[in-house]
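Positions 1 to 125 (our numbering) are the ones given, in order, by the sequence shown.
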Amino acid sequence: MAGTVKDLLRSLVGGIEGLVGAVVVGMDGATIEALKVDPNFSVEEISEEGAVASKVLDYMCQKLDGGPIDHIMLVAERYIVLLAMAGQDYYVGIVINPRGNVGKARLQLRRFMPEIASVLNASVT
1 MAGTVKDLLR SLVGGIEGLV GAVVVGMDGA TIEALKVDPN FSVEEISEEG AVASKVLDYM
61 CQKLDGGPID HIMLVAERYI VLLAMAGQDY YVGIVINPRG NVGKARLQLR RFMPEIASVL
121 NASVT
């Protein structure tokens with residue numbers, strides 16, 4: 001049974017060690033839902049930039065005939081950012097600290113993304 005986007009996002013990030021924040025975003029850069037764990041991190045700021053990065057990398061995948069993007073992982077000094085596509089119009093962004101559990105984050109994305117995409121796309125129609 002499908003829950004709300006907020007409930008699904010909370011379930012997705014539950015148990016991910018090192019979580020900083022998570023966000024559900026439209027490809028126009030608009031934040032649909034945000035969950036902040038670290039009060040010093042502005043998870044909303046990744047919304048627009050994540051949408052732009054997703055579009056650029058999707059274009060690159062098309063040029064390489066690589067198929068649609070499943071997810072993108074960016075590893076930086078202070079954060080690891082995972083962006084997972086929820087259909088063509090949305091993505092989920094998860095930010096964890098460098099000591100966070102990337103494997104668990106990827107597993108949770110694989111587990112919850114079909115339902116999140118279904119709820120998001122049902123709310124549009």
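Glycine included, C-beta positions come from ideal geometry on N, C-alpha and C.
Bridge partners - residue i, DSSP secondary structure assignment
i, result
"R122", "Sequence inspection shows Ala at residue 122; the Arg mentioned does not correspond to that position. None; A122 has no bridge partner."
"M73", "L82"
"E33", "V24"
Distance between beta carbons of residue j and residue i, contact taken as under 8 Å
i, j, result
"V24", "V52", "Not quite, the Cβ-Cβ distance comes to about 17 Å (not below 8 Å), so this is no contact."
"D70", "M27", "Their Cβ separation, rounded to whole angstroms, is 15 Å, which puts D70 and M27 out of contact at 8 Å."
"Y79", "V56", "No, Y79 and V56 are not in contact; Cβ-Cβ is about 19 Å, not under 8 Å."
"I16", "Q108", "6 Å"
"F112", "L35", "Not a contact, Cβ separation roughly 13 Å."
"V37", "G21", "6 Å"
"E48", "G29", "4 Å"
Residue i burial status per 10 Å Cβ neighbour count (16 or more: buried)
i, result
"A84", "buried"
"Y59", "exposed"
"M1", "Annotation note: pLDDT 38 at M1 (below 50); position unreliable, no value reported."
"G67", "exposed"
"S9", "Looking at the sequence provided, one finds Leu at residue 9 rather than Ser. Counting Cβ neighbours within 10 Å, L9 comes out buried, since at least 16 surround it."
"A76", "exposed"
"L64", "exposed"
"A122", "exposed"
"S54", "buried"
Three-way DSSP call (helix, strand, coil) for residue i in this model
i, result
"M1", "Here the model assigns M1 a pLDDT of 38, short of 50, so the residue's position is not dependable and the matter cannot be decided."
"G87", "coil"
"G93", "strand"
"L8", "helix"
"L19", "strand"
"G103", "helix"
"D38", "coil"
Option nearest residue i by Cα separation, candidates the options
i, options, result
"I72", "L64, D65 and G50", "G50"
"N101", "E115, E44 and V81", "V81"
"L19", "G29, G3, D7 and P39", "P39"
"V92", "L64, N121, A117 and S123", "A117"
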